[in-house]
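First the structure, in the form of structure tokens, and then the observations on it.
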Amino acid sequence: MLAIYAPLVRDTAISFELQPPTEAQMRERVGGVLERMPWLVCEEDGRVLGYACATPFRTRPAYQWTVEVTVYVHPAHSRRGIARALETALLAGLRLQGFRTALAVIALPNPASVALHEDLGFTPVGVFRAAGYKLGRWHDVGWWELALGDRTLGPKPPRELAALTALPAWQTALEKCAALVRDLPAP
Ligand SMILES: CC(C)(COP(=O)(O)OP(=O)(O)OC[C@H]1O[C@@H](n2cnc3c(N)ncnc32)[C@H](O)[C@@H]1OP(=O)(O)O)[C@@H](O)C(=O)NCCC(=O)NCCS
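Letter by letter, the sequence shown follows residues 268 to 454 of this note's numbering.
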């Protein structure tokens with residue numbers, strides 16, 4: 268996963284980190300997310316082709332039903348449906364857990380990510396102008412949102428991740444989404 272993420276940190280403003288995390292920090296991040304939410308990996312023949320995860324939007328408790336989602340795919344495997352598969356599965360899991368809103372925060376321009384998220388049903392919320400400075404210039408950040416469930420009053424706190432992994436519906440969602448990945452075209 269770090270092999271996918273580190274070049275994006277070093278060479279682009281897609282991530283607003285300035286230094287790639289170390290392997291230990293990356294492990295710690297994965298462990299932290301997995302305390303509450305899914306972190307999904309697409310793997311083929313033992314190689315990681317992409318990953319997706321959700322993180323809490325903010326820590327104050329009234330925000331507990333809102334998450335931010337992100338997805339990264341190895342550039343050699345783009346347009347194989349990997350991001351769609353990963354994020355569709357992630358959103359299915361988040362719905363089953365009882366989260367109500369997913370946000371995608373996209374440094375602009377990023378037509379691939381915008382098209383992916385709008386294709387998944389996200390709608391634009393707005394743009395923060397010059398929200399970040401990296402690689403010698405200012406970058407705008409666009410926000411997209413997706414309702415994951417109804418907004419009935421008195422929502423129960425989202426389910427624990429362990430409760431999600433025990434649900435047959437989650438296993439079915441993972442299998443269905445894995446089937447969305449297309450083979451590499453023949454050379
Ligand atoms: C954005 C990214 C995750 C897309 O991954 P991917 O696996 O290539 O995407 P998919 O093959 O699942 O594409 C799903 C849909 O997204 C849209 N899409 C993906 N890449 C696109 C591109 N380059 N241009 C336009 N639309 C694109 C299309 O609608 C596509 O559906 P289609 O192939 O049926 O037309 C990938 O390019 C990436 O990792 N980019 C760098 C990291 C990044 O920007 N992450 C998002 C951070 S918010």
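Here a beta-carbon is modelled for each residue, glycine too, at the ideal position from N, C-alpha and C. Only a predicted model underlies this, so the values are computations on that prediction, with no experimental measurement involved.
Check: Looking at Val408 and ligand 1, is the gap between the Cβ and the nearest heavy atom below 7 Å?
Finding: Remark: the shortest separation between the CB of Val408 and any heavy atom of ligand 1 does not fall under 7 Å.
Next item on the list: Using alpha carbons as the reference points, say which of Ser345, Ala414 and Ala374 lies closest to His406.
Entry: For the residues Ser345, Ala414 and Ala374, the minimum Cα distance to His406 belongs to Ala374.
Notebook entry, point to check: Counting contacts by CB-CB distance shorter than 8 Å, is Ser282 in contact with chain B?
Noted result: Any reference to chain B falls outside this structure, which holds one protein chain only.
Notebook entry, point to check: Are there 16 or more other CB atoms within 10 angstroms of the CB of Gly388, so buried, or fewer, so exposed?
Noted result: Gly388 sits exposed, since fewer than 16 C-beta atoms from the chains shown fall within 10 Å of its C-beta.
Next item on the list: With a threshold of 7 Å, establish whether the CB of Val378 neighbours any heavy atom of ligand 1.
Entry: Per the sequence presented here, residue 378 reads as Pro, with Val not at that position. Because some heavy atom of ligand 1 lies under 7 Å away, the Cβ of Pro378 counts as near it: yes.
Notebook entry, point to check: Helix, strand or coil: how does DSSP classify Arg421 here?
Noted result: With the sequence shown as reference, residue 421 is identified as Gly, and Arg is not the correct amino acid for it. DSSP places Gly421 in coil when its eight states are reduced to three.
Next item on the list: Rank Pro342, Leu402, Pro305 and Arg404 by C-alpha distance to the C-alpha of Arg356 and give the top, closest one.
Entry: The question names Arg, but residue 356 is Ala in the sequence shown. Per the Cα distances, Pro305.
Notebook entry, point to check: Over what stretch of residues does the beta strand (DSSP E) that includes Ala371 continue unbroken?
Noted result: Following the DSSP letters along the chain, one finds Ala371 inside the beta strand (DSSP E) bounded by residues Thr368 to Ala374.
Check: Under three-state DSSP, which class holds Trp410?
Finding: DSSP, read as helix, strand or coil, puts Trp410 in strand.
Notebook entry, point to check: Beta-carbon separation of Met268 and Val315 under 8 Å?
Noted result: Cβ distance < 8 Å, so Met268 and Val315 count as in contact.
Margin query: Just to confirm, is the Cβ distance from Ala430 to Thr368 under 8 Å?
Written below: The answer is no: Cβ separation not under 8 Å.
Margin query: Closest to Thr419 by C-alpha separation, out of Phe366, Leu441, Arg449 and Ala436, would be which residue?
Written below: Distance check between Thr419 and each of Phe366, Leu441, Arg449 and Ala436 places Phe366 closest, using alpha-carbon atoms only.
Item checked: Leu275 Cβ short of 7 Å to ligand 1 heavy atom set -> Checking the Cβ of Leu275 against ligand 1 gives yes.
Margin query: Are there any heavy atoms of ligand 1 lying less than 7 Å away from the beta-carbon of Val338, as far as the coordinates show?
Written below: Correct: Val338 has its Cβ closer than 7 Å to ligand 1.
Margin query: If contacts are defined as beta-carbon pairs under 8 Å, then Ala440 and Ala352 qualify, I think. What distance do you get, rounded to the angstrom?
Written below: At roughly 11 Å, the Cβ-Cβ gap does not stay under 8 Å, so Ala440 and Ala352 are not in contact.
Note to self: Looking at ligand 1, does it come within less than 7 Å of Leu370, judged from the CB to the closest heavy atom?
What the structure shows: For ligand 1, not one heavy atom lies less than 7 Å from the Cβ of Leu370.
Check: Can you list, in chain order, the residues of its chain whose CB lies under 6 Å from that of Ser282, leaving out five sequence neighbours each side?
Finding: Within the same chain, Ser282 has close Cβ partners Leu275 and Val276.
Next item on the list: Please go through the same chain and pick out, in chain order, the residues whose beta-carbon is closer than 8 Å to the beta-carbon of Thr390, but skip the five residues on each side of it.
Entry: Short of 8 Å from the beta carbon of Thr390, and not among the five residues preceding or following it, lie these beta carbons of its own chain, in chain order: Trp411, Glu412 and Leu413.
Next item on the list: Using 7 Å as the cut-off, classify the Cβ of Gly242 as near or not near the heavy atoms of ligand 1, replying yes or no.
Entry: No answer is possible for residue 242: the residues shown for the chain start at 268 and end at 454.
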